[in-house]
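**Q** Chains Z and U, in that order, are what the protein sequence lines are. Residues 11 to 20 (the working numbering) make up the first sequence, in order. Residues 8 to 222 (the working numbering) make up the second sequence, in order. Sharing a structure below in structure tokens format, with a few things to ask.
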Amino acid sequence: QDKPQNHDEL
Amino acid sequence: MNIFRLAGDMTHLASVLVLLLKIHTIKSCAGVSLKTQELYAIVFATRYLDIFTSFYSIYNTLMKLVFLGSSFSIVLYMKYHKTVHRSYDREQDTFRHWFLVLPCLLLALLIHEKFTFLEVLWTFSLYLEAVAILPQLVLLQRTRNIDNLTGQYVFLLGGYRGLYILNWIYRYFTEPHFVHWITWISGLVQTLLYADFFFYYSQSWKNNKKLQLPA
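Set out below in structure tokens:
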């Protein structure tokens, strides 16, 4: 739940 | 990393380099909207806070630092460098850009994937980036003589958004669970804002004439 979202793009 | 995303990132990088070239080498920011540049500085400052919390790759971190550094230095150049500042079209660049910030923040508070500090700021940066080009487009429309570098800068920025859409389509079909509605819709809105500009840019290119947007 507390894992950050995967924002692998710029 | 697919070819569309790499091409998109490189186009984005090229746009920043073109702008820095104009400002640093020619010492002119004529036709460049300070309002848009301020919005981009806010966009990158709020989006890339995750530099401190998540690591994806050296590439990712380096690019984030480049976009942060370049956007802030462009703003500082335009505001405080004597020669550059003198070439700034202050009277023409009148878009009330701060009025874009609050609605984007409210929208991010209402519509987001996850209600955490970083996630809301990330979402805010997506909404703000979608509309950040507006002051620049308005300024272009008012400018009689759009020089090549300014035209190329906007063309490359729009190209970067278009390539990112191809990247999302590619990722949707190749990566399971790759669904990001907020990113996609704001990216699409952002790209559509360039449609008009692209039309006149291609016309001027085809007819080998100077770029001029109708008032």
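All C-beta atoms, glycine included, are put in the ideal place defined by N, C-alpha and C. Note that the coordinates shown come from a computational prediction; the quantities given were computed from them, not determined experimentally.
Could you name the residues of the same chain whose beta carbon sits closer than 8 Å to that of N207 (chain U), not counting the 5 residues immediately before and after it, in chain order?
**A** Here the sequence assigns Tyr to residue 207 (chain U), which means Asn is not the residue at that position. Excluding sequence neighbours, Y207 (chain U) sits near L218, Q219, L220, P221.
**Q** Short check: CB of Q44 (chain U) to CB of V82 (chain U), under 9 Å?
**A** A contact, by the Cβ cut-off of 9 Å.
**Q** Let me confirm a value: G166 (chain U) is counted as buried when at least 16 other C-beta atoms fall within 10 Å, else exposed. Which label applies?
**A** buried
**Q** Any contact between the region 147 to 166 of chain U and the region 18 to 36 of chain U? By contact I mean 3 or more CB pairs, one from each, below 8 Å.
**A** yes
**Q** In whole angstroms, give me the CA-to-CA distance for K71 (chain U) and L133 (chain U).
**A** 15 Å
**Q** Comparing C-alpha positions only, which one of U:S80, U:A137, U:E126, U:T90 sits nearest to V108 (chain U)?
**A** U:A137
**Q** What is the C-beta distance between I192 (chain U) and L164 (chain U), in whole angstroms, given that I count them as a contact (C-beta under 8 Å)?
**A** About 19 Å separates the two Cβ atoms, so there is no contact after all.
**Q** So, do the region 110 to 123 of chain U and the region 55 to 64 of chain U have three or more beta carbon pairs nearer to each other than 8 Å?
**A** no
**Q** So, does the region 173 to 182 of chain U touch the region 32 to 41 of chain U, judging by three or more C-beta pairs under 8 Å?
**A** no
**Q** When the cut-off is 9 Å and only beta carbons count, does F204 (chain U) lie next to chain Z?
**A** no
**Q** Would D57 (chain U) pass as an interface residue toward chain Z - the criterion being a Cβ-Cβ separation below 9 Å?
**A** yes
**Q** Rounded to whole angstroms, what is the Cα-Cα separation between S78 (chain U) and I10 (chain U)?
**A** Each residue's alpha carbon lies about 25 Å from the other.
**Q** At 3 residues or longer, what runs of the beta strand (DSSP E) sit wholly inside the region 142 to 217 of chain U?
**A** Listed in chain order, there is nothing to give.
**Q** Would you list, in chain order, the members of the region 114 to 134 of chain U that have their beta-carbon closer than 9 Å to a beta-carbon of chain C?
**A** Judged by its chain identifiers, the structure shown contains no chain C, and its protein chains are Z and U.
**Q** Could you round the C-beta distance between I30 (chain U) and Y84 (chain U) to whole angstroms and report it? I think they count as a contact, below 8 Å.
**A** With a beta-carbon spacing of about 5 Å, I30 (chain U) and Y84 (chain U) fall inside the 8 Å limit used to define contacts.
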